[in-house]
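Quick note: the numbering used here has the sequence shown finishing at residue 965, numbered continuously throughout.
Beta carbons: idealized from backbone N, C-alpha and C, even for Gly.
Remember, it's a predicted structure, so these values are computed and weren't measured experimentally.
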Amino acid sequence: MTPFGHAPDGRTAQLYRLENSRGFRAEVTDYGATLVRLLAPDARGEFADVVLGFDRVEGYAGHDAYFGATIGRCANRIAAGRFTLDGRTYSLAQNNHPPGGPCHLHGGRRGFDRVSWSVDEGTGSESRSSIRFRFRSVDGEEGYPGNLDVEVTYGVTEANALRIEYRAAADRPTPVNLTNHSYFNLAGEGAPDALGHMLTVAASQFVPIDAGLVPKGGLAPVGGTPLDFRAAHRIGDRIDQPHEQLRHGAGYDHCFVLDRGGAGLALAATAFEPGSGRRLEVHTTEPGVQLYTANFLNGSFAGKKGHRYGRRSAFCLETEHFPDSPNRPEFPPVILRPGETFSSVTEYRFSAQ
Ligand code: BGC
613 MTPFGHAPDG RTAQLYRLEN SRGFRAEVTD YGATLVRLLA PDARGEFADV VLGFDRVEGY
673 AGHDAYFGAT IGRCANRIAA GRFTLDGRTY SLAQNNHPPG GPCHLHGGRR GFDRVSWSVD
733 EGTGSESRSS IRFRFRSVDG EEGYPGNLDV EVTYGVTEAN ALRIEYRAAA DRPTPVNLTN
793 HSYFNLAGEG APDALGHMLT VAASQFVPID AGLVPKGGLA PVGGTPLDFR AAHRIGDRID
853 QPHEQLRHGA GYDHCFVLDR GGAGLALAAT AFEPGSGRRL EVHTTEPGVQ LYTANFLNGS
913 FAGKKGHRYG RRSAFCLETE HFPDSPNRPE FPPVILRPGE TFSSVTEYRF SAQ
């Protein structure tokens, strides 16, 4: 554990190191329960940090790109920041302003990415492979009903996987949709773009969006569109095609509906970077994955080691329930009720060839 700078609430953020016997390593901070570094070997055994971010917590607190953070209470967009639950309408923080009008994004102005989490006793020792963060989101926070107790556990496995487990319980019915917002570049953070990665996404359908990046309603087949990643494609091959969905997203910014067979961990996506030989497989218990190709990064600020992260210099694979679910009865439900436990697992498995 090492000090990582000062969080806006005055607390000293801490950085915790998780590693396995092969040198695969994750570093996480209690501010935002954020993944800060992830060191994975290439085909020659050389390690690189494959996630974008900052060298100190002040960077995370000062920008709104959500690098590596835990996102909640509801990841992704909620139309007009409003939903009705059990006959009552709730107004959430409207913290995102796309062309279609303001909406709620990633939990609001002070979402789970912008709070200091506590660390479970017993998971804070020097040499460890996992750590558990806890946070209580109080009734009314960002407009959400009920107190919500959340746990996020990060672990590294001997097989070079980063495993993230989420649990939550509430004292009133509330929507919950948790994810991690890491930006990956398998050539190493700071590489100029991520367009050469070969990507597959195990989805036959996606959630179409309107010009405000909010779901239009229903699902659409990927077949015949530039969103078909059932067979591997370079991320950059079709990203600028004149397709309505790519125009709305300014590139890929879409939730894919995973072709999963039953419950449990299922393969969501794979990414392979030919230069380094690094390969990432994402497995999840969630029904969807948002592919976001960092279309809104523009190199305007300095990240780790002074790197300026340009447009499309990384990709996010945010495992989650679908956007705007509280307003979409046709989507898998996100309402957590008292007495129930929300739980979800995502694994990022690394290899090289
Ligand atoms: C969203 C983007 C948004 C970004 C913010 C992503 O998860 O899909 O639309 O701009 O988060 O960093």
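Among Y864, D852, A862 and V834, which residue has its Cα nearest to the Cα of L870?
Numbered from its first residue, the sequence shown carries residue 870 at position 258. Measuring from the Cα of L870, the nearest candidate turns out to be V834.
If you drop the 5 nearest sequence neighbours on each side, which residues of the same chain put their C-beta closer than 7 angstroms to that of H675?
Within the sequence shown, residue 675 is the residue found at index 63, counting from 1. For H675, where only same-chain residues beyond five positions count, the Cβ hits under 7 angstroms are F913.
Give the secondary structure of N789 by DSSP, where H, G and I count as helix, E and B as strand, and everything else as coil.
Looking up residue 789 in the sequence shown gives position 177. The answer is strand: DSSP assigns N789 an E or B state.
Any heavy atom of the ligand BGC closer than 6 angstroms to the beta-carbon of Y921?
By one-based count along the sequence shown, residue 921 stands at place 309. Flag unset: Cβ of Y921 not near the ligand BGC.
Would you call the segment 908 to 922 and the segment 797 to 806 in contact, with 3 or more CB pairs under 8 angstroms?
yes
Inspect the CB distances between the segment 943 to 956 and the segment 710 to 726 and report whether three or more fall short of 8 angstroms.
Contact between the segment 943 to 956 and the segment 710 to 726 is absent, because fewer than three Cβ pairs lie under 8 angstroms.
By DSSP, does E942 sit in helix, in strand, or in coil?
For this step, residue 942 is matched to residue 330 along the sequence shown. Here E942 sits in coil by DSSP.
Determine whether the beta carbon atoms of A705 and F796 lie at a separation below 7 angstroms.
As a working note, residue 705 is residue 93 in the sequence shown. As a working note, residue 796 is residue 184 in the sequence shown. Contact: no.
Let me know the beta strand (DSSP E) ranges lying completely inside the segment 747 to 791, each 3 residues or longer, listed in chain order.
760 to 768 and 773 to 782
State the DSSP-derived secondary structure class of V826, mapped to helix, strand or coil.
Taking the first residue of the sequence shown as position 1, residue 826 is located at position 214. Residue state, collapsed to three classes: coil.
According to DSSP, simplified to helix, strand and coil, what is R726?
On the sequence shown, position 114 is the one that residue 726 refers to. R726: helix per DSSP, three-state reduction.
I need the straight-line Cα distance from F943 to C867, nearest angstrom please.
Against the sequence shown, residue 943 aligns to sequence position 331. Against the sequence shown, residue 867 aligns to sequence position 255. Those two C-alpha atoms are separated by around 12 angstroms.
Between R744 and D732, which are expected to be in contact by the criterion C-beta below 8 angstroms, what is the C-beta distance as a whole number of angstroms?
Taking the first residue of the sequence shown as 1, we reach residue 744 at position 132. Taking the first residue of the sequence shown as 1, we reach residue 732 at position 120. Confirmed, Cβ separation roughly 4 angstroms.
Please classify N708 as buried or exposed, where buried requires at least 16 other C-beta atoms within 10 Å of its C-beta.
Your numbering for residue 708 matches position 96 in the sequence shown. So N708 counts as buried.
Below 5 angstroms from a heavy atom of the ligand PLP - residues by beta-carbon
Among the ligands in the structure shown, the ligand PLP does not appear; only the ligand BGC can be found there.
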